[in-house]
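Engineer: In this text, residue positions in the sequence shown follow the numbering used here: the first is 46, and each later residue adds one. The beta carbon of each residue, even a glycine, is placed where N, CA and C say it ideally should be.
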Amino acid sequence: MYTRINHRVYALPTMLFLFLALLFVSAGIYLQKDEKSVRISKAQSVAEQVKISLEVFSTERVQAVHNLMLNWPTFEPNQVDWFNAQAMSLMGMQKGFSSLVFVDQDGIVQWVATPEQGIRKRIDNSLIGKPMSTLGLCIDELSESLDSALLYSEQTQHHYILIGRAISPQEPEHGYVIAGFDVQTILGVMLGELVGPQFNFELSSQGNVLFGSGKLVKDGTTVSLAPFPFIDRPVTLTMQSQLSPFNSGILVIAIGLLMSALVSYVFHKQLKGAVNLSDSQQRYLTASEASLDALLIYQPTEHDFSLVEANSYSKYLFRGACDVLGSMTLSEQTWYLGISDTFQRATKVAQSGVPYEAHIALDSQDISLEWIKVQVVKAGDNIAITVRDVTERFRAQQALKHSEERYRRLVDGMHRHFVYTKTAEHSFRYVSAGVEQILGYSPYDFCSYESRYVRQVPDETFEIRQTIARGEKPKPYFVHYVGKEGKSFIIEYSDTPILDEQSLLIAVEGIARDVTKEVALQEEVYFQANHDQLTGLLNRYAFDDQLRRILQETTNSGDDNKGESELLALDSISTFIENDYLHHHTHESVMCFIDMDRFKLVNDSCGHPAGDKLLKEISTIFRQYVNSNDLLARIGGDEFCMIFRNQSIEDVSKRLDKLLAAISSFRFVYDDKLFFVGASIGVIEINENTQSAEALIKAADNACYKAKHLGRNRYFICRENDSQMAIDDSDNQVLNALHQALQSDGFELYSQAILPLTVPSETQAAQLQHYEILLRLNDNDGGLISPGLFIPLAERHGLMNKVDLWVVDNTLKMLEQNPAHIDNVGKVAINLSGITLGDEMALHKITQRMQSSSVPAEKICFEITETTAVTNLSAAKRFISSLRDIGCSFALDDFGAGMSSFTYLKHLDVDYVKIDGSFVRNIVHDPIDHATVTAINNIAHSMGKQTVAEFVVDSATAEVLRELKVDYGQGFALDKPKPLAHRVQWRVKLAAV
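1. Quick check on the DSSP output: the beta strand (DSSP E) that includes N253 runs from which residue to which?
2. Please classify H630: is it buried, with 16 or more other beta-carbons within 10 angstroms of its beta-carbon, or exposed?
3. CA-CA distance, M133 and L270?
4. Need the endpoints of the alpha helix (DSSP H) that G962 sits in, please.
5. What residue does the alpha helix (DSSP H) around R923 start on, and which one ends it?
6. The beta strand (DSSP E) with F685 in it runs from where to where?
7. State yes or no: is the C-beta of E1039 within less than 8 Å of the C-beta of D961?
8. Based on the DSSP output, what are the partners of V222 in its beta bridges?
9. Determine the DSSP secondary structure at G989, reduced to helix, strand or coil.
10. If contacts are defined as beta-carbon pairs under 8 Å, then L115 and A224 qualify, I think. What distance do you get, rounded to the angstrom?
11. Between the region 296–313 and the region 404–421, do at least 3 Cβ pairs fall closer than 8 Å?
12. If you draw a straight line from the alpha carbon of Y465 to that of Q511, how long is it in whole angstroms?
13. Within 10 angstroms of its Cβ, does C749 collect 16 or more other Cβ (buried), or is it exposed?
14. Could you tell me the alpha carbon to alpha carbon distance between Q442 and I417, rounded to whole angstroms?
15. I'd like to confirm the pairing. Which residues does DSSP put opposite A936 in its beta bridges?
16. Would you call the region 74–90 and the region 249–263 in contact, with 3 or more CB pairs under 8 Å?
17. To the nearest angstrom, report how far apart F473 and S448 are at their CA atoms.
18. Following the continuous alpha helix (DSSP H) through M133, name the residue where it begins and the one where it ends.
19. Just curious, the alpha helix (DSSP H) that E161 is in, first and last residue?
20. Does the region 819–838 touch the region 858–866, meaning 3 or more C-beta pairs lie closer than 8 Å?
21. Among the residues of its own chain, which have a CB less than 6 Å from the CB of I925, if the five just before and after it don't count?
22. Just to confirm the assignment, what range does the alpha helix (DSSP H) spanning N747 have?
23. What beta strand (DSSP E) runs, 3 residues minimum, are completely inside the region 638–696?
24. Excluding the 5 residues flanking A587 on each side, which residues of the same chain have their C-beta closer than 6 Å to its C-beta?
25. Are the beta-carbon atoms belonging to I666 and S634 less than 8 Å from one another?
26. Could you give the residue range of the alpha helix (DSSP H) that holds D349?
27. Alpha carbon to alpha carbon, how far is H525 from G485?
28. From F273 to H219, what distance separates their C-alpha atoms?
29. Which residue comes first and which comes last in the beta strand (DSSP E) that contains T201?
30. With H, G and I counted as helix, E and B as strand and the rest as coil, what does DSSP make of H313?
31. Sorted by chain position, which residues of the same chain lie with C-beta nearer than 7 Å to W851's C-beta, five sequence neighbours on each side aside?
32. With C-beta atoms as the reference, is G941 less than 8 Å away from I981?
33. DSSP state of Y475, grouped into three classes?
34. Straight-line CA distance for A355 to M373?
35. Label M988 either buried or exposed according to how many other C-beta atoms from any shown protein chain fall within 10 Å of its C-beta, with 16 as the threshold for buried.
36. Going by C-alpha distance, which of D683, N129, D590 and K175 is nearest P160?
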């Protein structure tokens, strides 16, 4: 019996499916046949229209060629001009011609007329003068019918039809006319307008496919017309209507089969449900017993409900009070458990049938439950109540809540930081309260209107979002905002992508911080690193970097111009255009090396403050003669450099004439003293032939010296053929004196005291002497040549290492000859140049001389400048290490002139840090200089190094340095330079500051 019922459950739905499927398949087949007939009819109709259009087009163009030959003048002095005028008029009125050619009676092409645009040309004026056979068509001069040819051009990838004949077979002396047609272009325009994209077609001639669209499918719906003439060539047109993307027959069959299966399946389920109802009830009882929820069935009694059935888990859940609760009604049970309100809810469920669900806290000593989940549903006339123990989950939720509260307190208390969460579309969903402390906006306002407050986003925003989309953490980035009070802020975001189990982005979280102050400080440091502290112009380091970039651009543009010149030179007609182009697209620039005249006189007469004031005023004049595209830098004490970009020597000369006139008329007044100043300028062109920045600066420097010795306050132009410009007479004299001094000890050693600032002035006399060795050069007239003249020459001609060795040797000799003086000496500072610092032989000689001397090595302190140490860092470290091993100490001179100082200071094992005088001289009046000296002094002390302040110009400066706890001072206010012989032979009584 059961087997028979089971067969019916499957057999009846199967029969229903087969019947419905047969019905829908029949309908689909009928629709497909009908659609095929419609497609054939459409293709036939459109094919006939295309044929008519092509025949009309062909007839009009062939007739036009006949008319041109019929109207050929018998007596025309210039047949080419007449033909060109008629051909251009014909092609203007009737489109489709690719060319019209006039061939004389000898078969030579005399003229080719082509349309101005729209047609790809196979035949052009390059064929003039060539035989007719080069056109691809040969014509019988006696035939009155048109000869034609179908040709394919590899160059244009198009087919062309040529037709032509003799203008008059009776008068062959008139020559021939040949017309060319670009088949692809003509058919593309005509068939594209007539046919449309819903048809596939193919137009062919004698086996050559002239034009086609789509792919013809061999399904019995193609229509082929009989061959018909097109521009005197037989063509065949095959057309097919495209199959609709929605095949109605297949669609009906598919939907019908789907519906048949669905109906049969529903019918099967109904039959099977009826059979399995009793099995379902049995499984339900089994499931309820295996459930981890207490399942209780109550039947209504008078004003109450009594328990009629309960699963086994309910006894476990209410263990300890199961026996007591089992004999109670529902109202008594809820009262016993302290949840009387639940009885009222159950009563409403029995009346309305609307389920009830709640989480309830229990406080009973008889059972261990703390939290339960109660569900009440109506089950026929009865009610079913399920109870689940959710104590552990609620405990976890409470712990999570407390953890979130602690986390929120921590996050909201972060200073200048806030935590955020963004959606996968990068819209803010949550920000902590820290955003209000920074920007002034509440978290809600920021999340809702964040885009309104943005001033600038990173340029690489797209790349950042792509990185996040890949699940990778991007680098921190900056976003600029305007705060609630109108101030600008910079926020640094650090995004972390949050991915789901399929590695898809669902959110972005991270920490943001306010970096406004840090960025401002970095910008200030960057400015200070690249600009002169006194004038605000570019400094030497920034200028060198910009100069190298300009040289690179000039070299690259020179290569480009060279290539352009070669291309333009190929055509002699373009000579004028070439010259004009290159003249207006020059990339040459001009560099000017400026050395102030009589600047030293101002410094010596009025002190360094006056010199600083003069440099500021002069730099203001310089600024008036450069524009935003030019460069202006201070590269030394009184040395400046200008670069006029994309200007010729002639243009710059005019500007320099005005600049020199302005400087000549400038009068500098300080302390009621009037000074006249000038400027000597070396001028050199920067072009693609410039070898290097060093060579350029050297040449410009030489030109500057040339201008100085030609009379000052003028400029001297260094031409390309002057790149090895001879040194002038004055330089030769100094250079000769320098060579003689090295051979015959023509130098004179001077010294200047370095006094302790932390020792009271009355006890300074009892301190060991600390002084720096200075150098002067004797001239032939018995005077002294300033180091400012012969030191640059020595550096330029590679003599500084010899000068340094002379100073070391003669200083030690002077000390060895005066042993009593050595006992009163604490340190003798000797300067070393950058050349010596990188010279292994010089290091070897100095080491040997120190080891053979009776002067204790700890008495000698070598000074190296910050610039040379940083430039030759590895050599400097090796040099310092070698001499420190024998007891010598080291000082880092001119510290702070380059903003790389702090980076390299910790890598150089020096004992003293000499603070650059450019910061010291104005420390009393300039808060920035004061802060800079304070920072250098503190950092040096933190590294265990002593500090020396240079250029102490007055007592006020010395007092400020004492307050800052700078260890030593050096300058005219403390001690003036004097011959070393005077210092070692007499004990100098140091003047109190």
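Structural biologist: With the structure as the only source:
1. N253 to S258
2. Summary for H630: the model assigns pLDDT 42, below 50, so the residue's position carries little reliability; its value from the coordinates is reported in the next sentence. Under this definition H630 is an exposed residue.
3. 35 Å
4. G962 to V965
5. L918 to R929
6. E684 to F689
7. Beyond the ends of the chain as shown, which are 46 and 1038, falls residue 1039; an answer cannot be given.
8. F147 and R210
9. coil
10. The pair is not a contact, with the Cβ atoms about 14 Å apart (cut-off 8 Å).
11. no
12. 20 Å
13. buried
14. 14 Å
15. E908 and Y957
16. no
17. 23 Å
18. Q124 to M138
19. First-last for E161: undefined, no H or E at that position.
20. no
21. F935 and D954
22. A738 to H754
23. 676–679 and 684–689
24. N575
25. no
26. Segment D349 to A355 is the beta strand (DSSP E) holding D349; no alpha helix (DSSP H) there.
27. 15 Å
28. 32 Å
29. T201 -> no beta strand (DSSP E), and no H or E assigned at all.
30. helix
31. L787 and F792
32. yes
33. strand
34. 13 Å
35. exposed
36. N129
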